[in-house]
Structure formats: C-alpha cells, structure tokens
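Chemist: For the sequence shown, this note's numbering gives the first residue as 1, with consecutive numbering after it.
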Amino acid sequence: MDIKKIEFQQHGDSRGMLVVAEYQKEIPFTVKRIYYIYGADSETRRGFHSHKNLQQIYIAIHGSCRVTLTDGKTTETVCLDDAASGLYIGHNVWREIYDFSDDAVLLVLASEPYSEDDYIRTYDQFIQTQTENI
Ligand code: TYD
1 MDIKKIEFQQ
11 HGDSRGMLVV
21 AEYQKEIPFT
31 VKRIYYIYGA
41 DSETRRGFHS
51 HKNLQQIYIA
61 IHGSCRVTLT
71 DGKTTETVCL
81 DDAASGLYIG
91 HNVWREIYDF
101 SDDAVLLVLA
111 SEPYSEDDYI
121 RTYDQFIQTQ
131 TENI
C-alpha cells in the first residue's frame with residue numbers, strides 16, 4: 001500500500017516549535033492545494049473515498065485523529081497526533097478518518113487542484129478498480 005510516515009524538520013527552541021516540510025525533501029510532489037478540517041468530533045467519520053491520481057499528506061497540526069487505509073489487500077490504521085510528522089497517501093488508497101479529538105485540526109497538502117472526477121466514492125467501485133489494476 002502506497003502510504004508512508006514522513007518526519008518533518010524540527011527547529012524548536014525556547015521560543016516554541018517551528019516545523020518545516022520542503023518540496024523534494026519531505027514533500028515528494030508540488031503542493032497545488034491545501035485544505036484543513038476542524039470542528040469534527042469523536043462521532044465524525046470522514047473520507048470514505050480513494051483518488052485515481054491525487055497524492056496527499058495528512059498532518060494533525062493540532063489534536064489527533066485516526067485514519068484507516070486499505071488498498072483492498074492490506075489494511076492499516078494510523079493515529080495522527082504529532083504536528084511534526086505527516087502521513088503520505090498515494091493514489092488508489094481508500095481512507096476513512098475518525099476519532100477526531102475536539103481540538104483536532106487536520107491539514108492536508110494535495111498534489112492537484114480539487115477535481116470531483118478524481119474521486120472514487122464507493123467502496124464497491126474502489127475494489128472493482130483495484131481488481132482491474134492487477
Ligand atoms: P468531502 O469530500 O466530503 O470531505 P471528506 O473527504 O473530508 O469527507 O468534502 C466536503 C465538501 O467540500 C464537498 O462538497 C467537496 C468540497 N471540497 C472542495 O470544494 N474542495 C476541496 O479541495 C475539498 C477537499 C472538498
């Protein structure tokens with residue numbers, strides 16, 4: 001499955017923390033869009049889609065949430081609770097995001113502008129395309 005934990009550059013000192021993620025170092029794609037999710041709570045479940053081409057990096061810059069990911073063969077659950085690391089998610093990975101802490105802010109870096117055509121929004125269709133890709 002095309003996912004990877006990424007550690008960012010940390011430059012913390014007595015004045016506070018400063019975290020850096022740079023193109024071609026920690027970020028393997030050109031960032032063409034960012035968005036962030038907040039105001040979710042422990043009952044919220046988001047995601048439930050995969051992308052045909054999009055690559056993303058999820059960063060819990062505050063609070064925490066859990067992400068369950070699958071490529072149809074293997075499944076992994078990752079807890080995002082560290083502002084100094086991110087979760088890279090390649091294309092063709094189904095993701096479900098839940099267990100948001102009340103204070104969670106989930107920042108997402110994306111390799112492409114928003115395109116609804118790039119989404120696969122039903123698990124059945126996702127599994128079907130994964131089978132076709134083999
Ligand atoms: P949605 O895909 O439901 O979010 P999630 O994957 O976190 O469950 O997106 C919510 C709404 O926001 C939906 O109407 C699409 C819109 N949206 C944009 O217009 N641009 C974007 O970059 C994103 C991520 C979503």
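C-beta: ideal position from N, C-alpha, C; glycine also. Source: prediction; values computed, not measured.
Among residues of its own chain, excluding the 5 on either side of D102, which ones have a beta-carbon nearer than 8 Å to its beta-carbon?
Modeler: These residues qualify, in order along the chain: D41, S42, G63.
Chemist: In terms of alpha-carbon separation, which member of N133, T30, V93 lies closest to T122?
Modeler: With distances taken between Cα atoms, T122 lies closest to V93.
Chemist: Please list the terminal residues of the continuous beta strand (DSSP E) segment that includes F48.
Modeler: Segment 46-51, the beta strand (DSSP E) holding F48.
Chemist: Which term fits S111, buried or exposed, when burial requires 16 or more other beta carbons within 10 angstroms of its beta carbon?
Modeler: When all chains shown are included, S111 counts as buried.
Chemist: Tell me whether Q56 sits in a helix, a strand or coil according to DSSP, three-state version.
Modeler: Strand, per DSSP.
Chemist: How big is the Cα-Cα spacing for F8 and D71?
Modeler: One C-alpha to the other measures close to 25 Å.
Chemist: Taking T74 as part of the beta strand (DSSP E), name the residues at either end of that continuous run.
Modeler: Run containing T74: none; DSSP gives neither H nor E here.
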